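These notes concern the structure reproduced below.
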Amino acid sequence: MENKKIVVALGGNALGSNLVEQMISVSDAVKPIADLIEEGYEVVVTHGNGPQVGVIQDAMTLLSRENPEKHPHFPLSVCTAMSQGYIGYDITNKLREELLDRGLAGNVACVLTQVEVDPQDPAFRHPTKPIGPFLTKEEADKKAMEKRHVFIEDSGRGYRRVVASPEPISIIEIDTIRALADAGYVVIGAGGGGIPVFKTENHHLQGAPAVIDKDRASELLAEQLDADFLIILTAVENAAINYGKPDEQKLGEISVEEAKKYIAEGQFAPGSMLPKVEAAVKFAESKPGRTALITLLEKAKDGINGKTGTRIHA
Ligand code: ADP
Ligand code: MG
3 MENKKIVVAL GGNALGSNLV EQMISVSDAV KPIADLIEEG YEVVVTHGNG
53 PQVGVIQDAM TLLSRENPEK HPHFPLSVCT AMSQGYIGYD ITNKLREELL
103 DRGLAGNVAC VLTQVEVDPQ DPAFRHPTKP IGPFLTKEEA DKKAMEKRHV
153 FIEDSGRGYR RVVASPEPIS IIEIDTIRAL ADAGYVVIGA GGGGIPVFKT
203 ENHHLQGAPA VIDKDRASEL LAEQLDADFL IILTAVENAA INYGKPDEQK
253 LGEISVEEAK KYIAEGQFAP GSMLPKVEAA VKFAESKPGR TALITLLEKA
303 KDGINGKTGT RIHA
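Under my numbering, the sequence shown has 213 at position 211, and the numbering climbs by one with no breaks.
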């Protein structure tokens, strides 16, 4: 029988906001991933880049300000490409080490992945995706004035810059990812939702000023790889209704219909939990037998075994 396929998406926010925190989080995150591989699942790993891409762009902006001729503006698409290397490097090495320690083949391939978006996507007029560090209201107001960035309050955690987060249309490197996964390699792909690109004339791909939500890109990837599970690992154990209120209620196993009802009620914040629940619904609906799970990074194994997390099925 063919191995069951899983796409595991690691939350950018769960990966910490600097290299030291990231190294610690990634060391933890690779364990449940290695468990799945050890159990015989074919695993493709994706990851977010919200905090990291913001930090990278801030650093690049400083460089451009110092010497704009030597270092012209670094577009967001290029910063996402950098984040794929920065995060992918860490996951590749830690996962390789963990697999070799267990006596498994340590072949991990990180695929630089571009994802097509539509220049007419309404997201370009309504930024929703939080990136970069969490700021106080005062810091956010100051930056908004200086840089003309848009800021929002992000789920009670502080203020963050928001950028356009268009729908992923197609994954340019899908055949490469599929070929590597089918050949038995552990693949890391579509990091940070993929480098957003517009298809222009001939074969040219032009970087787009956006950050695709990795939950949406992971869903598309999971469908196109014909995966059985989409596992979204993040900083909370469950999606909840009345989130952050005294009557908060964690969601366990729910149907697509229930999830849709809660989405319609506005229970999930756009730019954070909403894309996860929407991705989970889309995946569960896409073909009978497909299940999506949202849980805490450290609880991946319990989640797969049905012990925790929010599980959405058709
Ligand atoms: P990631 O980096 O893993 O994609 P996000 O910050 O984008 O993480 O989304 C997860 C966050 O969504 C949680 O940590 C929580 O703060 C926030 N959130 C917003 N609404 C809800 C909800 N209804 N239930 C649970 N978490 C929610
Ligand atoms: Mg997110």
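Heads up, the beta-carbon is just placed ideally off N, CA and C, and yes, glycines get one too.
It should be emphasised that the depicted structure is a prediction, and the values quoted were computed from it without experimental measurement.
query                                                                                                                  : result
Contact set for LEU102: own chain, Cβ-Cβ below 7 Å, skip 5 residues either direction                                   : GLY108
DSSP state of SER157 mapped onto helix, strand, coil                                                                   : coil
Cross-strand partners of ALA294 (DSSP beta bridge)                                                                     : LEU232 and ILE314
Coil, strand or helix - PHE200 by DSSP                                                                                 : strand
Reference VAL117, options ASP156, GLN208, GLU41 and GLY186, closest by Cα                                              : GLN208
Which residues DSSP lists as bridging THR48, in chain order                                                            : ALA11
Proximity below 9 Å, CB of SER274 to CB of ASP123                                                                      : no
Spatial neighbours of ALA61 in its chain, beta-carbon cut-off 7 Å, leaving aside the 5 residues before and after       : none
Sequence-distant residues of its chain with Cβ nearer than 7 Å to LYS263 (five each side left out)                     : none
Neighbourhood of ALA18 by C-beta distance below 6 Å, restricted to the same chain and skipping five residues each side : The sequence shown places Gly at residue 18, not Ala. If we look at GLY18 and ignore the five residues flanking it on each side, its Cβ neighbours are GLN24 and SER27.
Buried or exposed (CB count within 10 angstroms, at least 16 for buried), GLY291                                       : exposed
Rounded Cβ spacing between VAL258 and PHE200 (contact assumed at less than 8 Å)                                        : At roughly 32 Å, the Cβ-Cβ gap does not stay under 8 Å, so VAL258 and PHE200 are not in contact.
Bridge-paired residues (DSSP) for PRO132                                                                               : VAL164
Element boundaries [alpha helix (DSSP H), containing GLU141]                                                           : 139–149
Between the CA atoms of ASP177 and PRO170 - distance to the nearest angstrom                                           : 16 Å
Enclosing alpha helix (DSSP H) for LEU97 [first to last residue]                                                       : 78–103
The ligand ADP heavy atom lying under 8 Å from the CB of SER172                                                        : no
Cutoff 8 Å; reference THR236; Cβ partners in own chain excluding five residues on either side                          : GLY13, ASN15, ALA16, LYS278, ILE296, THR297, LEU298 and LEU299
Nearest-angstrom beta carbon gap, SER79 and ILE197 [assumed within contact, 8 Å]                                       : 5 Å
Endpoints, the alpha helix (DSSP H) within which GLN122 is located                                                     : Careful: GLN122 lies outside any alpha helix (DSSP H) and carries neither H nor E.
The ligand ADP heavy atom lying under 8 Å from the CB of GLN269                                                        : yes
Test item: CB-CB of HIS49 and GLY194 under 9 Å                                                                         : yes
Euclidean distance between Cα positions of VAL46 and LEU253                                                            : 26 Å
Rounded separation between GLY311 and GLU239 - CA only                                                                 : 5 Å
Residues bridged to GLY195 (per DSSP)                                                                                  : Answer is none; GLY195 lacks a bridge partner.
Rounded C-alpha distance that separates LEU222 from PRO70                                                              : 38 Å
Backbone secondary structure at GLN269 - three-state DSSP                                                              : coil
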